[in-house]
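Working notes, structure below.
There are 2 protein chains.
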Amino acid sequence: MSTEPEPERASPLADLSRACLHTITTKPWSIERAAESYARAGIRGITVWRDALVDRNVERTGDMLRSHGLSVVSLCRGGFFPYKDDKAQKDAWDDNRRAIDQAAALGAPLVVLVCGALPDQSLERSRRHIREGIEAVLPYAEARGIRLAIEPLHPMYADSRSAINTLSQANDMAIALGSASVGVAVDVYHVWWDPSLEFEIQRAGRAGKLFAFHVCDWKSPTRDLLLDRGLPGEGCIDIRRIRRSMEKAGFDGWIEVEIFSEAYWASDQAQFLDRVTQSYLDHV
Amino acid sequence: MSTEPEPERASPLADLSRACLHTITTKPWSIERAAESYARAGIRGITVWRDALVDRNVERTGDMLRSHGLSVVSLCRGGFFPYKDDKAQKDAWDDNRRAIDQAAALGAPLVVLVCGALPDQSLERSRRHIREGIEAVLPYAEARGIRLAIEPLHPMYADSRSAINTLSQANDMAIALGSASVGVAVDVYHVWWDPSLEFEIQRAGRAGKLFAFHVCDWKSPTRDLLLDRGLPGEGCIDIRRIRRSMEKAGFDGWIEVEIFSEAYWASDQAQFLDRVTQSYLDHV
């Protein structure tokens, strides 16, 4: 009986030097508390979710992050381009320009795009709106030196969060847009199941489009479509295999831990942060 | 600004002559109660889930269904081929042969395969086990005149229910197996998001592989990964567009309503059945 060859896997990471945390991972914490705690834990990168910036001066918040030795890796998130009418289109484009302004003020070089979808229109129409929207805001981003990463979302989010559901689609769009400022974000949670994943990671690498790499795990069973992500090692995703693909494709950037979990948010965040760093070293 | 062309959609169905119900749709009912109720509602086809056959003589149950004027469309389900050891492999193959025996005894021409996956082994290994398993039981099915339909399952089930997650993969496997007795089951819930859906339906049709067509809807929001399917029309799936693709590809068989829903199972099943038939006429 034949056996498939053992997949290539990346070697364990020796330290936290490439580790980045998304503020949403420790959602109960203010960004100030998060910054202090991440830095104390030895983490050097932070991706900022926009809700963490509410009621704050964005430039000073960027300075605060850097004062803790943190690099600001990206801003999450722009996108949600599909619209029902002209006003909604204008609002979406304006909001994306605001996200670009925030990234520039914060000192984040990248805005991650969760592209959007509307359940009452076709995926093709939503994809047209996404492409139009990125084209519309791209000059604004380019002028400010901000890059945009199209993040394909798992097909279970095709109704209302993204009509871009595979890395193949994200690559197609990023490449078609023809700007060095547009690439893709690879989040293992969204793409791990895809039989063309390895091929598409290499394709993105050759095209210079691998802008971001997000990790967490798919728990089995998963109790909630949105808020039950696992720590690396808690689920079925072969993260080191995907990291090996990323690195083979030339990616040597930040490895960003992004976990949405009602259960973890309800737990002690300092203890949770210890588990995040340990799971990163043990399983990413 | 360009607009995508309006997709082609099938015309409304004039009656219930092609309607089939899965017994799981009205799970609280016994198969006897289901048969009587479906027939009274004007439904002519039934797909039997194996749990509905527990403690029953299968041949007499088939006769009972036919006595109500019902055609037995298929048996759900075989599959779950991935294994950890030799015993589990043997158990899986034996269980699939039992499913084939049950289908033959019931008078069902088709067994639907939910192919299986194991969270602690690679998808490639699970796919090898699936292919081996189908090859192992295929002669047994052929000898009894039973066909097998590989049902691709939504990628959100790739951890533990199926390593076959797109119609492309199901077609590849069905075609590679090289038997007229192996085809695919297209369930709109699992495939609606797929950008290659139309292409793959036509490919399956050309290869003579379109063995089954299941309908329900994807609710937005969906509250549960498994048990929150909607009635046709309650969600975001353009069912008539997919039916048009199926029919263009030559499919003129049963249209099977398969809904898993804790909420509907907790409701009055007779009223629910009325809603099923109405939603079928209004939205399928």
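From first to last, the protein sequence lines stand for chains E and X.
In this text, residue positions in the first sequence follow this note's numbering: the first is 1, and each later residue adds one.
In this text, residue positions in the second sequence follow this note's numbering: the first is 1001, and each later residue adds one.
For every residue, glycine included, the Cβ atom is placed at its ideal position computed from N, Cα and C.
Model, not experiment: these values are computed from the prediction.
Does the region 103-120 of chain E come into contact with the region 71-86 of chain E, if we say contact requires no fewer than three beta-carbon pairs (one atom in each stretch) closer than 8 Å?
Output reads yes: the region 71-86 of chain E touches the region 103-120 of chain E.
Measuring only the C-alpha atoms, how far is GLU151(E) from TRP193(E)?
Locating residue 151(E) in the first sequence gives position 151, counting from the first residue. Locating residue 193(E) in the first sequence gives position 193, counting from the first residue. In a straight line, the C-alpha of GLU151(E) is about 15 Å away from that of TRP193(E).
Measure from the alpha carbon of LEU1167(X) to the alpha carbon of each residue in GLU1124(X), TYR1189(X), ARG1033(X) and SER1179(X), then state which is nearest.
To locate residue 1167(X), count along the second sequence from 1; it is residue 167. When each option's Cα is compared against that of LEU1167(X), the closest is TYR1189(X).
From the beta carbon of LEU148(E), is the nearest beta carbon of chain X less than 8 Å away?
On the first sequence, residue 148(E) is found 148 positions in, with the first residue counted as 1. Judged by the 8 Å Cβ criterion, LEU148(E) is not in contact with chain X.
Using a beta-carbon distance below 8 Å, is THR222(E) in contact with chain X?
Sequence index remark: in the first sequence, residue 222(E) carries index 222 (1-based). True, the Cβ-Cβ gap to chain X drops below 8 Å.
Pull out every residue of the region 1117-1142 of chain X whose Cβ sits closer than 8 Å to any Cβ of chain E, in chain order.
Along the region 1117-1142 of chain X, the positions whose C-beta sits under 8 Å from a C-beta of chain E are PRO1119, ASP1120, SER1122, LEU1123, GLU1124, ARG1125, ARG1128 and GLU1132, read in chain order.
Going by DSSP in three states, GLY62(E) sits in which element: helix, strand or coil?
Start at 1 with the first residue of the first sequence, and residue 62(E) comes out as number 62. Helix at GLY62(E).
Could you give the uninterrupted runs of the alpha helix (DSSP H) lying entirely in the region 75-125 of chain E, keeping only those of 4 residues or more?
Contiguous alpha helix (DSSP H) elements confined to the region 75-125 of chain E occur at 86-106, taking only those with 4 or more residues.
Using the beta-carbon of each residue, which ones in chain X are nearer than 7 Å to TRP218(E)?
By one-based count along the first sequence, residue 218(E) stands at place 218. TRP218(E) reaches chain X at ASP1159, counting residues in chain order whose Cβ is nearer than 7 Å.
Use the C-beta contact count for LYS305(E): other C-beta atoms within 10 angstroms, 16 or more gives buried, fewer gives exposed.
In the structure displayed, chain E extends from 1 to 284; residue 305(E) sits before or after that span and is not available.
Assuming the contact rule is C-beta atoms closer than 8 Å, ALA181(E) and LEU148(E) should be a hit. Round their C-beta distance to whole Å, please.
Residue mapping note: residue 181(E) aligns to position 181 of the first sequence, counting from 1. Residue mapping note: residue 148(E) aligns to position 148 of the first sequence, counting from 1. The amino acid occupying residue 181(E) in the given sequence is Ser; Ala does not appear at that position. Confirmed, about 6 Å.
Can you tell me the Cα-Cα spacing of MET64(E) and GLY107(E), whole angstroms?
The residue given as residue 64(E) occupies position 64 in the first sequence. The residue given as residue 107(E) occupies position 107 in the first sequence. Each residue's CA atom was taken as its position, placing MET64(E) and GLY107(E) some 11 Å apart.
What are the residues of the region 188-199 of chain E that lie near chain X, defined by any Cβ-Cβ distance shorter than 8 Å?
Residues TRP192, TRP193, ASP194 and PRO195.
Secondary structure, alpha helix (DSSP H): runs of 4+ residues fully inside the region 189-230 of chain E:
Taken in chain order, the complete alpha helix (DSSP H) segments of 4 residues or longer contained in the region 189-230 of chain E are 197-206.
Specify whether the region 1239-1259 of chain X and the region 1006-1023 of chain X touch according to this definition: at least 3 beta carbon pairs, one from each stretch, less than 8 Å apart.
Yes, since at least three Cβ pairs between the region 1239-1259 of chain X and the region 1006-1023 of chain X fall closer than 8 Å, the two stretches touch.
Go ahead and label GLY1045(X) buried or exposed: buried means 16 or more other beta carbons lie within 10 angstroms of its beta carbon, across all protein chains shown.
Here residue 1045(X) is taken as the residue at index 45 of the second sequence, counted from 1. Classification of GLY1045(X): buried, given that the 10 Å Cβ count is 16 or more.
The region 1131-1138 of chain X contacting the region 197-207 of chain E, beta-carbon criterion three pairs below 8 Å:
When Cβ pairs closer than 8 Å are counted between the two stretches, the region 1131-1138 of chain X is seen not to touch the region 197-207 of chain E, the count staying below three.
Within 10 angstroms of the Cβ of GLY1069(X), are there 16 or more other Cβ atoms? Answer buried if so, exposed if not.
Within the second sequence, the letter at position 69 stands for residue 1069(X). Exposed: under 16 other Cβ atoms inside 10 Å.
For THR47(E) and HIS214(E), I'd like the C-alpha separation in whole angstroms.
As a position in the first sequence, residue 47(E) is number 47, starting the count at 1. As a position in the first sequence, residue 214(E) is number 214, starting the count at 1. Straight-line measurement puts the Cα of HIS214(E) at about 10 Å from the Cα of THR47(E).
Any C-beta of chain E sitting closer than 8 Å to the C-beta of VAL1151(X)?
Within the second sequence, the letter at position 151 stands for residue 1151(X). In the sequence on display, residue 1151(X) carries Glu and not Val. GLU1151(X) is outside the set of residues whose beta carbon lies under 8 Å from a beta carbon in chain E.
Compare the beta carbon distance of GLY230(E) and CYS216(E) with 8 Å and say whether it is the shorter of the two.
Your numbering for residue 230(E) matches position 230 in the first sequence. Your numbering for residue 216(E) matches position 216 in the first sequence. A contact, by the Cβ cut-off of 8 Å.
GLY1183(X) beta carbon less than 8 Å from that of LEU1210(X):
Looking up residue 1210(X) in the second sequence gives position 210. Looking up residue 1183(X) in the second sequence gives position 183. Contact flag set, yes.
Chain-ordered chain X contacts of GLU262(E) [CB-CB under 7 Å]
Position 262 of the first sequence, counted from the first residue, corresponds to residue 262(E). Chain X residues near GLU262(E): none, gap ~14 Å exceeds 7 Å.
Assuming ALA180(E) is part of the alpha helix (DSSP H), what are its boundary residues?
Sequence index remark: in the first sequence, residue 180(E) carries index 180 (1-based). Premise fails: ALA180(E) is in no alpha helix (DSSP H) and is neither H nor E.
Terminal residues of the continuous beta strand (DSSP E) containing VAL54(E)?
Along the first sequence, one-based indexing puts residue 54(E) at 54. Premise fails: VAL54(E) is in no beta strand (DSSP E) and is neither H nor E.
Contact residues within the region 1164-1175 of chain X, judged by C-beta distance below 7 Å to chain E:
Those residues of the region 1164-1175 of chain X that come within reach of chain E (Cβ to Cβ, closer than 7 Å) are ASN1165 and GLN1169.
If you compare alpha carbons, which of ARG1097(X), ARG1161(X) and TRP1029(X) is closest to THR222(E)?
Indexing the first sequence from 1 puts residue 222(E) at position 222. Its Cα nearest to that of THR222(E), the residue ARG1161(X) stands out among ARG1097(X), ARG1161(X) and TRP1029(X).
Is the CB-CB distance between SER267(E) and LEU227(E) below 8 Å?
If you number the first sequence from 1, residue 267(E) lands on position 267. If you number the first sequence from 1, residue 227(E) lands on position 227. Result no, Cβ atoms of SER267(E) and LEU227(E) do not sit closer than 8 Å.
For GLU1256(X), which beta-bridge partners are listed by DSSP?
Within the second sequence, numbered from 1, the residue matching residue 1256(X) stands at position 256. Paired residues: CYS1020(X) and HIS1214(X).
For MET1246(X), return the contacting residues in chain E, with the cut-off set at a CB-CB distance below 8 Å.
Looking up residue 1246(X) in the second sequence gives position 246. Neighbours of MET1246(X) in chain E, taken as residues whose beta carbon is under 8 Å from its own, are absent, since the nearest beta carbon is some 18 Å off.
Using 8 Å as the threshold, is the C-beta distance between ILE259(E) and THR25(E) below it?
Looking up residue 259(E) in the first sequence gives position 259. Looking up residue 25(E) in the first sequence gives position 25. In this structure, THR25(E) lies closer than 8 Å to ILE259(E) by Cβ.
Kindly list, in the order they appear in chain E, the residues whose Cβ is closer than 9 Å to that of GLU1004(X).
Translated into the one-based positions of the second sequence, residue 1004(X) becomes position 4. Neighbours of GLU1004(X) on chain E, chain order: SER122, GLU124, ARG125, ARG127 and ARG128.
List the DSSP bridge partners of THR47(E).
If you number the first sequence from 1, residue 47(E) lands on position 47. THR47(E) pairs with HIS22(E) and SER74(E).
Would you grab the beta carbon distance between MET1156(X) and MET156(E) for me? Rounded to a whole angstrom, and I think it's under 8 Å.
For the purposes of this step, residue 1156(X) is taken as the residue at position 156 of the second sequence. For the purposes of this step, residue 156(E) is taken as the residue at position 156 of the first sequence. Contact flag correct, Cβ pair sits at about 4 Å.
Is LEU1016(X) near the ligand NAP - that is, is its Cβ less than 7 Å away from at least one heavy atom of it?
Absence of the ligand NAP from the depicted structure is noted, as is the absence of any ligand whatsoever, leaving it without description.
To the nearest angstrom, how far is it from the Cα of PRO5(E) to the Cα of ALA1263(X)?
As a first step, residue 5(E) must be located in the first sequence, where it is residue number 5. As a first step, residue 1263(X) must be located in the second sequence, where it is residue number 263. In a straight line, the C-alpha of PRO5(E) is about 45 Å away from that of ALA1263(X).
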